[in-house]
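Colleague:
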Amino acid sequence: MLRALIWDVDGTIAETERDGHLPAFNEAFAALDLPWRWDEAAYAELLHVAGGRERLLHDMAQRKDAPATAAARDALARALHRRKNIAYAQRVAQGRIAARPGVMRLVAECRAAGVALAVATTTSRGNVQALFSSLWGPHWPAVFGAVVCGEDVARKKPHPQAYTLALQHLGVAASEAFALEDSPAGLQAARAAGLACGATRSAFFAGQHFAGAAWLRDDLDTPAPMTLAQLQAQLDGSIAPS
Ligand code: XBP
Ligand code: MG
Numbered sequence: 025m026l027r028a029l030i031w032d033v034d035g036t037i038a039e040t041e042r043d044g045h046l047p048a049f050n051e052a053f054a055a056l057d058l059p060w061r062w063d064e065a066a067y068a069e070l071l072h073v074a075g076g077r078e079r080l081l082h083d084m085a086q087r088k089d090a091p092a093t094a095a096a097r098d099a100l101a102r103a104l105h106r107r108k109n110i111a112y113a114q115r116v117a118q119g120r121i122a123a124r125p126g127v128m129r130l131v132a133e134c135r136a137a138g139v140a141l142a143v144a145t146t147t148s149r150g151n152v153q154a155l156f157s158s159l160w161g162p163h164w165p166a167v168f169g170a171v172v173c174g175e176d177v178a179r180k181k182p183h184p185q186a187y188t189l190a191l192q193h194l195g196v197a198a199s200e201a202f203a204l205e206d207s208p209a210g211l212q213a214a215r216a217a218g219l220a221c222g223a224t225r226s227a228f229f230a231g232q233h234f235a236g237a238a239w240l241r242d243d244l245d246t247p248a249p250m251t252l253a254q255l256q257a258q259l260d261g262s263i264a265p266s
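According to the numbering used here, numbering within the sequence shown proceeds without interruption in unit steps and concludes at 266.
See the structure below:
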């Protein structure tokens, strides 16, 4: 019996990496007078590192013009990350990040059917707050019963902790929930937590392998709406995973 749907945020709810985080990182570099810029090809590689601050540190470790000491790199990464998240929130507030096809519909279906909704993301809580306020309004916390963010976990995806915590907060067993992801690392995290997981390809993970996904498609509305009834049927095993 399907009791909960657990959503990844970046790439799954919206194309936040392409339309939000990447341009915001570049705005932060400019704001701090750094000549560094990431293009889409570089960012696609960097996305293998989960977490914006961790991503910055990983990049700096390979730059000759980065601060020499670990302490100085850490301070710079924190300052850039703070600035990046401000730029991200501004982009969201300007209405530059829309929900991906089918997201609003499926959330509304869950609410109408009494299926719990939760979030398991490794992004910062402030980014979720900004995006969800823009998509569901100021009362969005009433829509999502559990919201696990980057600050809540010791290990980011592909570690399963974000999903394990979301299940604990919901009081639901892994066998009673379905996860939605856009990245191989996110899928790995959900599967390691014992969840069935469907994947909607996002801009930066389009060509990747999603072994273990219950299904893989371009979005929740293409070629036809992915409904709650279909997710329920998948969980019950009446439709074999593809
Ligand atoms: C999300 C991330 C995040 C975002 C930026 O992964 O990797 O790091 O890129 O967020 P997932 P912060 O979609 O698998 O949860 O800068 O707030 O870390
Ligand atoms: Mg994602």
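Glycine included, each C-beta is placed from N, C-alpha and C at the ideal position. Owing to the predicted nature of the structure, the values given are computational and were not obtained by experimental measurement.
Based on Cα-Cα distance, which residue from A54, A230, R106, A94 lies nearest to E39?
Modeller: Looking at the Cα atoms, A230 is the closest of the given residues.
Colleague: With a cut-off of 8 Å on the beta carbons, I'd call A111 and A48 a contact; round off their distance for me.
Modeller: Right, their Cβ atoms sit about 4 Å apart.
Colleague: Secondary structure at F53, three-state DSSP: helix, strand or coil?
Modeller: Helix.
Colleague: Looking only at its own chain, which residues have a Cβ that is under 8 Å from the Cβ of K7, when we skip the five neighbours before and after it?
Modeller: Nothing can be reported for residue 7, as the shown portion of the chain is limited to 25 through 266.
Colleague: Going by Cα to Cα distance, which pick from Q118, R107, P59 is closest to D89?
Modeller: Among Q118, R107, P59, the Cα nearest to that of D89 is on P59.
Colleague: Would you kindly report the start and end of the unbroken beta strand (DSSP E) that includes W279?
Modeller: Shown here, the chain extends from 25 to 266; a query on residue 279 therefore has no answer.
Colleague: To which residues does DSSP link A170 through a beta bridge?
Modeller: For A170, which the question treats as bridged, DSSP gives the partners A142.
Colleague: Is I30 helix, strand or coil by DSSP?
Modeller: The answer is strand: DSSP assigns I30 an E or B state.
Colleague: Any idea if E69 is buried or exposed, counting beta-carbon neighbours within 10 angstroms, 16 or more meaning buried?
Modeller: Exposed.
Colleague: Candidates L29, R107, A248: which alpha carbon is nearest L46's?
Modeller: Per the Cα distances, R107.
Colleague: Just jot down, in chain order, the residues whose CB lies closer than 7 Å to any heavy atom of ligand 2.
Modeller: Output, sorted by chain position: D32, V33, D34, G35, T36, E205, D206, S207, G210, S226.
Colleague: Look at the alpha carbon of A190 and the alpha carbon of P208, and state the distance between them as a whole number of angstroms.
Modeller: Roughly 19 Å separates the two Cα atoms.
Colleague: Between which residues of its own chain and L71 is the CB-CB distance below 7 Å, once the five residues before and five after are set aside?
Modeller: Closer than 7 Å at the Cβ level, and outside the excluded window around L71, lie E41, F228.
Colleague: Would you kindly work out how many angstroms separate the C-alpha atoms of G236 and V116, rounded to a whole number?
Modeller: G236 and V116: Cα-Cα distance of roughly 33 Å.
Colleague: Between M250 and L130, how many whole angstroms is the CB-CB distance? I'm expecting something under 8 Å.
Modeller: Between L130 and M250 the Cβ distance is about 7 Å, and since that is below 8 Å, they are a contact.
Colleague: Looking at the secondary structure, which residues open and close the alpha helix (DSSP H) in which E133 lies?
Modeller: First-last of the alpha helix (DSSP H) with E133: 127-137.
Colleague: Under three-state DSSP, which class holds F228?
Modeller: Of the three classes helix, strand and coil, the one that applies to F228 here is helix, per DSSP.
Colleague: Starting from A178, trace the beta strand (DSSP E) both ways and give me its first and last residue.
Modeller: Neither: A178 is in no beta strand (DSSP E) and is coded neither H nor E.
Colleague: Of the choices Q114, Q254, A28, whose alpha-carbon is the least far from that of A238?
Modeller: Closest by alpha carbon: Q254.
Colleague: Classify A264 as buried or exposed, calling it buried when 16 or more other Cβ atoms lie within 10 Å of its own Cβ.
Modeller: Unreliable positioning characterises A264 in this predicted model, as indicated by a pLDDT of 49, which lies under 50. A coordinate reading is not provided.
Colleague: What is the rounded straight-line gap between the Cα of F53 and the Cα of W62?
Modeller: Looking at the two C-alpha atoms, the distance is approximately 9 Å.
Colleague: Jot down the residue ranges of each uninterrupted alpha helix (DSSP H) in the stretch 46-99, minimum 4 residues, whole runs only, in chain order.
Modeller: Within the stretch 46-99, the complete alpha helix (DSSP H) runs of at least 4 residues are 46-55, 64-70, 76-85.
Colleague: On the CB-based measure, 16 or more other CB atoms within 10 Å of its CB, does E205 come out buried or exposed?
Modeller: Buried, since its Cβ has 16 or more Cβ neighbours within 10 Å.
Colleague: Is it right to say R124 is buried, meaning 16 or more other beta carbons lie within 10 angstroms of its own, or is it exposed?
Modeller: R124 comes out buried.
Colleague: Among the residues of its own chain, which have a CB less than 6 Å from the CB of L155, if the five just before and after it don't count?
Modeller: So the list reads V116, once near-sequence residues are dropped.
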